[in-house]
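In full-length UniProt numbering, the protein residues as written are 1 to 672.
Written out as structure tokens, the structure is:
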């Protein structure tokens, strides 16, 4: 059979799928009363007559519907002018979004002619007349409730109205409005209807249009798309890639194929593994990723999806609870869940044990959500609480002190946020002492280490004394050796010496006097690792000055608290071993701020403010080198006298000091 492609009705041919008709309705020339279409939306409305004389038609029901819709009055706006439901409206909906694979075919004299369909529309009854009936019913009820109130009473009922002026719409607000359902509905309603005329099956116009379903020319030049070799035609019918995808067995959602996992990028592999396992030592992660994987690349990727807790990696909360999701137990949004889980993770950085009641009391979350958090990273112990499920990974801490220090700074930033959100008390911030603690504590003071060393020396002294006496008997024949005194061969108790400090763990160096990655003492100029060499101090100062300069050029005004938060975020983005990890004190940071052309603005905040001391220290860029330097300085002087100022006062002061009248846009820019 020869196949031809007809193009005459291309992008004009629609397939209408009518519903199964009732016995009182026939789809013929008489029943199609009117038709209209919205071409862009491919939406059609057909009005079709109902045979009211058919024995299957319920006349009383038709009269009741017409009465409910139009009431007793009959005019041009009436839906049913005959006081009888004698017609039905059908509205269309798209049956398929992609109709490119469908065509209408006509077979004639051994030839098959295909015309691609532009749309497939399913027609369904429209019940808008019921809405009209409801509106009439509500109007009648309102009229009955209103009664015969006089015109005077209506005039006395005066209501106060509020006039508001709309603000200029931002680009983000405009995008939300354009994507909203109401806007799309309004835009669809604005498209005008195109009225159509129905031609019957035997009409001459229908006969003429039907001829366009046949290909007008049978020459090869017009049908080159259908001239393919058998192999090419078979490839078009059965693409191999689609078949391969369909043949792949679908694994359950909780099953992870290592073979498929290793085909993904390294970052995706680590994210999927951490999301499934939730808590993992670094050594185990490296073994799962296979031999030949670069540990530096793994460390860089793991910090994007996990946090370090007791030397082990725990998946981040926002990976388990993505944005716009909610709790399956309580419906709490993901943001609140992440905050609560971060609190649990932070508690485990302070102690190996956590009590569920304490977590629930602080986070105010339901018991099921709290239990989920704890089961992710700990094991329940009877009469003790929840213990972190993995032992403290001391090997990782010793091998990667830079990572440990950076993670500690991130935890200090999280702690500051949790303190503000949950109003944490002192007992929440200090770790509880456990009598039977099975792993190394995170923090061991120098005094504790000295006492431990003394006890160890006393324990071993007896054994060492016996060994010395044995050696003394063997060398008794030597006169010079015989003069040796036992007291001269004491074990050197180096840890007990006050002059030479003991070697402390990496956590001591990290936690010693740091708040949000900075020294808490303003007068301290020492770094985390002691005094820095002169050349190193210069490099640190240059790096810090570059950060402060770029930050103030973007923001102009910052509190010390916000500057420290931005600095910690900057530290987290730096590679391991960077010079800024040597430790920066608050005093050094403030000195650098003043050295970069900024000034401290002494804003007179009210005495009853709840802000922290760091939030009350305000620094501003005094000279940025642009045209608004003078205006900005005037504005900063104003705020140094009062922390709250009216806009018209600011505008008047700017005009007086600068000698020019600023328009609204310029004032807004200076204020911003």
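Where a beta carbon is used, it is the ideal one built from N, C-alpha and C, also for glycine.
The beta carbon of residue 364 sits closer than 8 Å to no other beta carbon from its chain once the five residues preceding and following it are set aside. A buried status is given to residue 129, since no fewer than 16 other beta-carbon atoms sit within 10 Å of its beta-carbon.
Residue pairing of residue 601 in beta bridges, as defined by DSSP: 618. Listed in chain order, the alpha helix (DSSP H) runs fully inside the stretch 248 to 312 are 258 to 261, 266 to 277, 282 to 289, 295 to 305, counting runs of at least 4 residues. Secondary structure note for residue 92: its beta strand (DSSP E) is the uninterrupted segment 87 to 94. Look at residue 240 here: in three-state DSSP terms it is helix. In the DSSP assignment, residue 11 falls outside any alpha helix (DSSP H) and carries neither an H nor an E. Under the DSSP assignment, residue 660 falls outside any alpha helix (DSSP H); it carries neither an H nor an E label. Residue nearest to residue 543 within the set 44, 560, 580 is 580 (criterion: CA-CA distance).
A direct Cα-to-Cα measurement between residue 32 and residue 89 gives close to 10 Å. Per DSSP, the unbroken alpha helix (DSSP H) holding residue 411 starts and ends at 401 to 422.
For residue 171, the three-state secondary structure derived from DSSP is helix. Burial is judged here by how many other beta carbons sit within 10 angstroms of a residue's own beta carbon; residue 258 has fewer than 16 and is exposed.
Annotated as distal: residue 106 and residue 15, with beta-carbon spacing of 8 Å or more. Checking the DSSP bridge columns, you'll see residue 333 partnered with 326. Residue 642 counts as exposed, since fewer than 16 other beta carbons sit within 10 angstroms of its beta carbon.
Between the alpha carbons of residue 354 and residue 348 lies a gap of roughly 7 Å. When secondary structure is reduced to three states using DSSP, residue 349 falls in the helix class. When C-alpha distances from residue 139 are compared across 109, 167, 658, 68, the shortest belongs to 68. Closest by C-alpha distance to residue 262, out of 277, 278, 291, 281, is 291. When the alpha-carbon of residue 588 is set against those of 17, 633, 567, the nearest one is in 567. Contact check for residue 653 against residue 634 passes: the beta carbons are separated by less than 8 Å.
Between the stretch 294 to 314 and the stretch 385 to 404 there are three or more inter-stretch CB-CB distances shorter than 8 Å, so the stretches are counted as touching.
Each residue's CA atom was taken as its position, placing residue 274 and residue 380 some 21 Å apart. Its Cα nearest to that of residue 546, the residue 596 stands out among 596, 585, 559. 80 is the residue among 80, 164, 206, 203 whose C-alpha sits nearest the C-alpha of residue 48.
Distance from the Cα of residue 319 is smallest, within the candidate group 270, 361, 289, 9, for 270. According to the DSSP assignment, residue 107 belongs to the beta strand (DSSP E) that extends over 103 to 108. With a cut-off of 8 Å on Cβ pairs, the stretch 89 to 103 is in contact with the stretch 40 to 47, counting three or more such pairs.
Residue 2 is bridged by DSSP to 111. Setting aside the 5 residues that flank it on each side, residue 12 is surrounded in the same chain by 118, each with a C-beta closer than 8 Å to its C-beta; the list follows chain order. In chain order, 19, 90, 91, 92, 93 place their CB closer than 8 Å to the CB of residue 124, counting only its own chain and leaving out the 5 sequence neighbours on each side. Per DSSP, the continuous beta strand (DSSP E) segment holding residue 378 begins and ends at 378 to 381. Looking at the DSSP output, residue 16 sits in a beta bridge with 121.
The beta carbons of residue 122 and residue 17 sit about 5 Å from each other, so the pair counts as a contact at 8 Å. With fewer than 16 other Cβ atoms from the protein chains shown falling within 10 Å of its own Cβ, residue 77 counts as exposed.
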